[in-house]
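From first to last, the protein sequence lines are chains A and B. Going left to right, the first sequence walks through residues 34 to 252 as the working numbering numbers them. Going left to right, the second sequence walks through residues 1370 to 2324 as the working numbering numbers them. C-beta atoms are modelled at their ideal positions from N, C-alpha and C, and glycine is treated no differently. Step one of this worksheet: look at the structure below.
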Amino acid sequence: MRQLFAPGADAILRLALFVVAAGSVMMLVVAGAVANSDYVSMVGIAPAQPVPFSHKHHSGELGLDCRYCHATVETEATAGMPPTYTCMTCHSQIWTGAPMLAPVRDSLASHTPLAWTRVNRLPDYVYFNHAIHVSKGIGCSSCHGDMTAMQMTMRAQSFHMDFCLQCHRNPAANVRPIGEVLNMTWQAPPDQMARGRALVAQYHIRGAAVLTDCSTCHR
Amino acid sequence: MSSMTVRPHADSQAAARLRDHFPGAADLLHTHRRQFMRVMAASLALGGLAGCNDDDTRDDIVPPVQQSQGQAPGETLTYASATLMDGFANGVRVTTRDGRPLKIEGNPQHPWSQGGTDVFGQASVLGLYDPFRSQTVTHLTRDSDWPTFRGAMVGRLAALRASGGAGLAILLGPVTSPTLAAQIAQQQGVWPKMRVYSAGGVTREAVYEGTQRAFGQALETHYDFSGVRVAVCLDGDLLDAGPHQVGTARRWAAARRKAAAQGGLLTLFAAGPVPNLTSAKADHAICASPALIDTMARALLAQAGGGQAPALPPQAEAWCAAVWAALDGARGAGVVQAGVHASPAVQECVHRLNAALGNTGRTVLHTDPVLIRGQDLRILVADVDRGDVHSLLILGANPVYESPGDVNFAALLGKVSLCIHAGMIVDETAQSVDWHLPMAHPLESWGDARSVDGTASLIQPTIAPLYDGKTASEILSLLFEQEPRSALEILRAHWAGLGDAGWRAAQLSGVLAGGGLRPYDVQPTNAPLAQAAPRAAGFELLFRPDPTVWDGAWADNAWLQELPKPLTKITWENVVGLSPATAAALNVANGDHVVLRVGAQDVEGPVWVIAGQDDGVVSVTLGYGRRVEGQLSAGLGFDAYRLRRLSDPWGVAGVAVHRTGRTQDLACTQSHTTMEGHDFIRVQTMGAAPVGDGDRAAPTLYAAQEGDGRAWGMVIDLDACIGCNACITACQAENNIAVVGRDAVLQGREMQWLRVDVYADARAEAAHGGGEDAAVVAPVRFQPVPCMQCEQAPCEVGCPVEATLHDHEGLNLMVYNRCIGTRACSGYCPYKVRRFNWTDYSAGAAPSMVEQRNPDVTVRARGVMEKCTYCVQRIVQARIVSDRDDTPIADGAVITACQGACPTGAIVFGDLARKDSAVARAHADPRRYALLGELNTRPRTTYLAAQAPALAQRG
């Protein structure tokens, strides 16, 4: 009787099994890469805004303090967004007719708030508090990147949980002196770990075990 | 009833209503097991797709055009205000966030409520956001507006000017506002023939009639418990729901605590036909028919006057002897009280007894009536019937629903040519009138009101009116004044004497200084007691206000509908209460339908057997059987008002009871009330060895949880807990807890994180031996059960994904985003405090209801286990402030929602690691014990044993 399988059948089977196995692994790798890609996490993507507001111009070139607009960053959970009146403190005097600023003027005239597109977003079950981070020496740029270099506002970090945890597990690597918190171009000095540890002690930042308690961020 | 079956549901009306209010909760109402699987499979598939969709309202950040002064985004602002219960004020603080009132907290500065709250105050915040509130002026059910209404009225009123307002009448609901009283008085000057009537489901006329008979004038009564050693209730409601509950319960608990610290007991005696919170908390309770209570009151009074006491049955005589001995031994330091539902004769005896014992003026204080009283409903009915009223303004009352069965108010309104109704919801009356005007909610209006003790409280708005509502003051101004004024203008004008500084102080404290009513001395008259009325044969039907929906005014509030009634634990409906012997005689059991017939009227309702109820009475609660289609309350329960009689609002003799053969399941959250030999509730007998756990700790094999210094813990004083449920409602408001609906409660799927268990006192039962001493009622013990926050938590062992685990301050956390819904933790939990979200109950809520949610607490989705977290959001907030400012968390800086709501201060929370904290002191109390301590779960929530007089004293 004729053989059921040709001599090469084993090789084909082995190849098929290999392809299935390698393919499964590849799929996981690709899925992971896509999930973590900037495309999905929207890092570096600047959404359209009602007014093309430039942090680079206002904060970088003109040198406006962050807290002029984000007034509650040191006291509240949310940093706060400027009410239309804040924009108009200057723009009732300068660039009063600029077409770019028409939505701001309309907002004031019709008493209708501007609706900005949210750039940095956390899931509903995450409770981030700006005040405590700023007051413990975590700088704006650690999460938001160098805003003074951003023409249009974009997300600087993925804000996946591992991003939060890498600092909560090891705050010393990111803590800076309070005076440097608003410095957008702050770079960690070479001896950051030693300085960071000293600052962690000075600011009474609690240990990694406590900072990684679920209740720190989730309620 | 089995709690685990998925059964097909038939009640389509209820289902439709539930769907309107809570679309998420209703989606499985009519679901068979097979269909359930299909739905779930489809939902899971769609859920995957929905995860890809980023499109929701959180995509936008919308800053205001102009930031309000003193209001930072996301910051909590608190306003001193008052919640209203039957028109009476309870001073509270309203927590708002970004302009939305979210939560009611107690106001410790308020002299009456002293920081306590009740279920109605807590739930009022939900009522504000009710999308089914009345929203527009309607004329003959067509939409209209305020200017049209005013236009129509101006000419009409001008025509009445010549006659001095003859035929013009105002019918007031329960209201205590001094400003409104002044406005009405002023208008009565302008319209001398205008008449003012008052109505309400829970009428206080018997209370005023009692003082009228005893002192010759109508008086309000409240109590100063500071020196009280004994309290006696004759058909009393000392601790029960009502306008007086918060302040009275707080004073009672404080006095009882003080007495216990001195080694004594503020003994509470109670006699009543129907068990209530007062009889439950009584150290010596006896059940007695209304007629017997009348006789007992006369017997006690006769003893006080040295007269001849009428003959009493042996048990009643023994109780009266003990009461008399206690009262006689505490002259000037006792309180005798009769409830709002006691007969005027009993009220009179009680007042005379207090006067004879020297209590009046010391512990029992009288002021002028707080309620604005017009003429009685009886007179209104007669006047309308005669055609004396042609224009009627109904302000905040619902007489079409609340009138007794022998008054057809809707038909009476046919004799009134112009009828105007103002109310917060479109109720039965709103549907039978010419004009309906939407009223503003107290949380969105300026106003004032008095507490039971006469304290004038300020009502501040915490949000601009959501709909087109106006306050009663504004409506009167709109009708009668040349230039209509706003509520604030009217209020400021009335309290002009305060000046700007006084007004500012009132805004901060919630109290209008100098506006209170002073107690004054009164002397009893010499008029002889009226003879006791003879009683008709047959069962006596007793009406009681419902502990959660009251007279029906709160019936559209979903939190209150789903709140278990304190003693029966039934939700969403009312029942016909029968004593065990009566139920046996009628051959009915829980859930069997009976027909109650009074004259030509009958209603049908399910039976509930109530231990400790008098055999000769049938008890029903008001507020159900509503008839306005589309409202939450429509079709729930039966309408007891139809059996009520104008002559006596609280009882009808000679009611016929027949079983119908129909039966139904009742949505009861606790079907078992005996402890079966366990010591869930311990009782500390005075003078006996301590029953607490002491410092004993069983050895454990588990490693100790590592901490970082703080150890949050809670101690609940069962002696102070009166079972009022304020904690449950507060928890519901604070923690975004969903309402699941009647059918889900029937399946055992209620979501309240905190429950209050109720047990008959096993020890007392054993001591009385049941049978022969049937009139003596064993005390009922209440036990609030939140998550025990076990140090060795069994649930944590059960979870396969570590969704429940400890943090370093000893909290047993529940991480919703990790939970995959295996429900293993719930199976492992010996306390059964975990709640599973079966059908995404929170989804699809009306947009206005979403506004009430606490932004600090995750809204849980389907398939997630949830539970009490000790209000972790409040702990974390305090921790952040403490870390930010480098200051320790002060004792008392974190107040859990339940703790803050409790009127008696039964719940103490704080850091057990701090030896100077209140909770550590409570923890050291010899009465402290752990629930199911033998399991060695080492719960952080522990209890203080209830206290009882020594057995020898118990007769």
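* To do: Could you tell me whether the Cβ atoms of residue 2097 of chain B and residue 2125 of chain B are closer together than 8 Å?
  => yes
* Asked: Using the beta-carbon count (16 or more within 10 Å), is residue 128 of chain A buried or exposed?
  -> exposed
* Grouping DSSP H, G and I as helix and E and B as strand, with all else coil, what is residue 1988 of chain B? -> strand
* Would you mind listing the beta strand (DSSP E) stretches within the stretch 1584-1619 of chain B that are 3+ residues and don't spill past its ends, in chain order? => 1589-1592 and 1599-1603
* Integer-rounded CB distance, given that residue 1568 of chain B should sit under 8 Å from residue 1542 of chain B -> 7 Å
* Asked: Does residue 137 of chain A get closer than 8 Å to chain B when you measure Cβ to Cβ?
  -> no
* Asked: For the ligand PLP, any of its heavy atoms closer than 7 Å to the Cβ of residue 2166 of chain B?
  -> Looking for the ligand PLP in the displayed structure turns up nothing, as the structure carries no ligands at all.
* Are the CB atoms of residue 2288 of chain B and residue 2082 of chain B nearer to each other than 8 Å? -> yes
* Asked: What are the residues that DSSP puts in a beta bridge with residue 1454 of chain B?
  -> B:1457
* **Integer-rounded CB distance, given that residue 2093 of chain B should sit under 8 Å from residue 1614 of chain B** => 7 Å
* Taking any Cβ of chain B, which residues in the stretch 61-77 of chain A have a Cβ under 8 Å from it, in chain order? -> none
* To do: Identify which residue in B:1629, B:2057, B:1866 and B:2222 has its Cα closest to the Cα of residue 2108 of chain B.
  => B:2222
* What number of angstroms, rounded off, separates the C-alpha of residue 2217 of chain B from the C-alpha of residue 2283 of chain B? -> 42 Å
* Residue ranges of each beta strand (DSSP E) within the stretch 1760-1843 of chain B, 3 or longer -> 1760-1764, 1787-1792, 1804-1807, 1816-1819 and 1825-1828
* Identity of the residue in B:1437, B:1444, B:1430 and B:1793 nearest residue 2224 of chain B by Cα -> B:1444
* Under 8 Å by Cβ, that's how I've got residue 2027 of chain B and residue 1964 of chain B pegged, so tell me the actual separation to the nearest angstrom. => 5 Å
* Asked: For the candidate residues B:1660, B:1440 and B:1770, whose alpha-carbon lies nearest to that of residue 1991 of chain B?
  -> B:1770
* **Where the beta strand (DSSP E) through residue 1977 of chain B begins and ends** => 1970-1978
* To do: Spatial neighbours of residue 1629 of chain B within its chain, please: CB distance less than 7 Å, with the 5 preceding and 5 following residues excluded, ordered by chain position.
  => 2316
* **residue 189 of chain A vs residue 53 of chain A beta-carbon contact at 8 Å** => no
* **Sequence-distant residues of the same chain with beta carbon closer than 8 Å to residue 1907 of chain B, five excluded per side** => 2022, 2023, 2024 and 2025
* Where residue 1443 of chain B meets chain A, residues with beta-carbon distance less than 7 Å -> 109, 110 and 111
* Asked: Can you tell which of B:1432, B:1627, B:1792 and B:1532 has its C-alpha closest to the C-alpha of residue 1501 of chain B?
  -> B:1792
* Asked: For residue 1641 of chain B, which residues of its own chain have a beta-carbon under 6 Å away from its beta-carbon, when the five flanking residues on both sides are left out?
  -> 1604 and 1648
* Taking residue 59 of chain A as the query, report the chain B residues whose CB atoms sit under 9 Å from its CB, ordered along the chain. => What residue 59 of chain A touches in chain B: nothing, since even the nearest Cβ is about 21 Å away.
* Asked: Using the rule of at least 16 other Cβ atoms within 10 Å of the residue's Cβ for burial, across every protein chain shown, is residue 1892 of chain B buried or exposed?
  -> exposed
* Asked: By how many angstroms is the C-alpha of residue 1801 of chain B removed from the C-alpha of residue 136 of chain A?
  -> 50 Å
* Do residue 1880 of chain B and residue 1824 of chain B have their C-beta atoms within less than 8 Å of each other? -> yes
* So is residue 2265 of chain B in contact with chain A if we call contact Cβ pairs under 8 Å? -> no
* Asked: residue 1392 of chain B by DSSP, collapsed to three states: which one?
  -> Any reading at residue 1392 of chain B needs caution, since the residue's pLDDT is 49, under 50, leaving its predicted position unreliable; the model's value is listed next. In the structure shown, residue 1392 of chain B sits in a helix (DSSP, three-state: H, G or I).
* Leaving aside the five residues before and after residue 1789 of chain B along the sequence, list all residues of the same chain whose C-beta is less than 6 Å from its C-beta, in chain order. => 1762 and 1804
* Between B:1634, B:1574, B:1726 and B:1548, which lies nearest to residue 1845 of chain B when the distance is taken from Cα to Cα? -> B:1548
* To do: Could you please tell me which residues of the stretch 2224-2251 of chain B, in chain order, have their CB closer than 8 Å to any CB of chain A?
  => 2225, 2226, 2227, 2228, 2238, 2241, 2242, 2244, 2245 and 2249
* **Secondary structure of residue 38 of chain A, DSSP reduced to three states** => coil
* Taking only beta-carbon positions, decide if residue 2253 of chain B is within less than 8 Å of chain A. => yes
* To do: Return no unless some Cβ of chain A is closer than 8 Å to the Cβ of residue 2210 of chain B.
  => no
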